[in-house]
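In the working numbering, the protein residues as written are 190 to 599.
Built from N, CA and C at the ideal position, the CB exists for glycine as well.
This structure is a prediction, so every number in the text was calculated from the model and none was measured.
These notes concern the structure reproduced below.
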């Protein structure tokens with residue numbers, strides 16, 4: 190909860206883009222109850238739809254002009270902190286740099302590092318931009334006492350889907366108002382609608398088709414397979430915090446290394462990301478790579494599967510930098526990351542090369558993981574959901590020390 194309390198140390202706070210839906214409205218109400226003045230910038234029609242009742246200003250200029258415009262806005266409104274969701278979007282990366290140059294506080298929300306029932310909030314950035322990633326020894330000061338279980342948040346997929354649909358439609362209808370807006374993903378409501386529909390029927394189809402595969406892995410390869418939780422094809426953590434420009438590059442490197450160096454009694458299980466189900470299907474690609482490398486009998490690809498069970502029965506886990514890595518540590522599984530991750534710390538993840546990991550997967554130090562979890566819960570995690578109940582927004586905190594008005598921006 191420390192990150193949330195830090196927000197209350199500011200007088201005039203600027204919200205950029207939040208999750209699609211009402212979450213930033215709820216955040217603004219919570220901040221105002223604590224005496225913080227809130228201003229919002231809308232970048233497209235979806236932002237306008239959900240935040241039209243806030244004290245909002247439209248940015249309608251070119252993406253490359255945003256830095257200068259933002260600097261003028263910060264001065265005019267005497268802003269002393271900026272908040273966004275996701276620190277790798279173009280406008281948010283620009284804002285982070287401006288805040289750094291001007292010594293202003295910059296906060297980023299993100300999906301929970303620890304799931305379910307948590308969301309993430311950090312100052313300066315999240316994931317590989319986290320303060321912990323820059324100074325992992327900070328967590329060593331924390332003793333892993335008994336942590337209070339979070340309240341259930343009842344996160345709703347239906348609410349998320351409805352919010353996304355209305356956001357995309359509003360952006361389409363008001364696109365002439367924001368002619369230069371640059372989205373961080375495909376922004377067509379028609380294509381996205383098709384992908385969501387395809388994801389629904391693929392989910393039902395693979396649940397049936399992969400039943401025998403799930404049994405085969407569970408019965409024949411228990412504790413003998415390496416699990417690979419694939420990330421969404423356009424995941425910013427892959428694009429900005431890894432050496433890969435495409436998830437397929439990661440898959441190709443992985444299968445080649447496995448074929449060359451992994452013991453013959455082990456298997457490789459690649460699990461598709463559930464939110465990528467409608468967009469990508471790597472079946473043919475993985476099958477071809479497995480055949481070329483003569484490991485088709487030991488490489489498996491699945492779309493449907495209970496992740497905690499897959500982790501529990503695995504020999505080890507390979508990821509680019511997915512937060513599933515934290516779940517692997519929770520299950521005491523050997524883990525190696527191929528990109529930059531805040532939890533890629535000696536003693537938690539294997540620091541060897543991938544070809545050595547196959548033959549000598551080393552489990553994490555349990556005491557070190559408990560310290561990491563305690564640090565994350567105290568400094569970065571909030572008991573809540575973007576499309577569900579957020580108990581932390583119902584709490585009131587004493588106001589922190591605030592800068593005098595004439596000290597803001599010098």
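- The alpha-carbon of residue 269 is positioned some 50 Å away from that of residue 395.
- In the DSSP assignment, residue 418 falls within the unbroken beta strand (DSSP E) covering 414-418.
- In the displayed model, residue 509 falls within coil according to three-state DSSP, outside both helix and strand.
- Non-local beta-carbon contacts of residue 248 in its own chain, meaning distances under 6 Å to residues more than five positions away in sequence, involve 230, 232 in chain order.
- Rounded to whole angstroms, the gap between the alpha carbons of residue 276 and residue 464 is 20 Å.
- Counting along the chain, no alpha helix (DSSP H) covers residue 537, and no H or E run does either.
- For residue 311, the enclosing beta strand (DSSP E) stretches over residues 308-312.
- Counting the other Cβ atoms within 10 Å of the Cβ of residue 426 gives 16 or more, which makes it buried.
- Remark: fewer than three beta-carbon pairs, one from each stretch, lie closer than 8 Å, so the segment 196-213 and the segment 313-332 are not flagged as touching.
- Taking C-beta separations shorter than 6 Å and ignoring five residues to either side along the sequence, the partners of residue 450 in its chain run 544, 547, following chain order.
- About 14 Å separates the beta carbon of residue 353 from that of residue 234, a gap too long to meet the 8 Å contact definition.
- Distances from the CA of residue 511 to each of 334, 196, 461 were compared; the closest alpha carbon is that of 461.
- With fewer than three CB-CB distances shorter than 8 Å, the segment 518-526 does not count as touching the segment 433-444.
- Residue 369 sits exposed, since fewer than 16 C-beta atoms from the chains shown fall within 10 Å of its C-beta.
- In the three-state DSSP reduction, residue 190 falls in the coil class, being neither helix nor strand.
- If you look at residue 296, you'll find it in the beta strand (DSSP E) that goes 294-300.
- Here the C-alpha atom of residue 487 lies approximately 7 Å from the C-alpha atom of residue 455.
- Linking residue 484 to residue 300 through their CA atoms gives a straight-line distance of about 35 Å.
- Under the three-state reduction of DSSP output, residue 276 falls in the coil class, being neither helix nor strand.
- Setting aside the 5 residues that flank it on each side, residue 513 is surrounded in the same chain by 418, each with a C-beta closer than 6 Å to its C-beta; the list follows chain order.
- Assignment of alpha helix (DSSP H) within the segment 225-282, counting only whole runs of 4 or more residues, yields 234-240, 255-266 in chain order.
- For residue 490, the enclosing beta strand (DSSP E) begins and ends at 488-491.
- Judged by DSSP secondary structure, residue 484 falls outside any alpha helix (DSSP H); it is assigned neither H nor E.
- For residue 217, the enclosing alpha helix (DSSP H) stretches over residues 212-222.
- Where residue 397 is concerned, the enclosing alpha helix (DSSP H) starts and stops at 378-398.
- If the five residues before and after residue 569 are omitted, its C-beta is found closer than 7 Å to the C-beta atoms of 192, 302, 309, 310, 311, all from its own chain and listed in chain order.
- Proximity to residue 507 across 472, 551, 482 peaks at 551, based on C-alpha coordinates.
- For residue 421, same chain residues with a beta-carbon under 6 Å away, outside a window of 5 residues either side, are 462, 464, 465 in chain order.
- A contact between stretches requires three or more CB pairs, one per stretch, nearer than 8 Å, and the segment 373-391 fails this requirement with the segment 330-341.
- In the DSSP assignment, residue 428 falls within the unbroken alpha helix (DSSP H) covering 425-429.
- Between residue 494 and residue 212, the alpha-carbon positions lie close to 30 Å from each other.
- When DSSP states are grouped into helix, strand and coil, residue 358 belongs to the helix group.
- Cα atoms of residue 504 and residue 410: separation of roughly 9 Å, rounded to the nearest angstrom.
- By the neighbour-count criterion, in which a residue is buried when 16 or more other Cβ atoms sit within 10 angstroms of its Cβ, residue 492 is buried.
- Between the alpha carbons of residue 355 and residue 482 lies a distance of about 46 Å.
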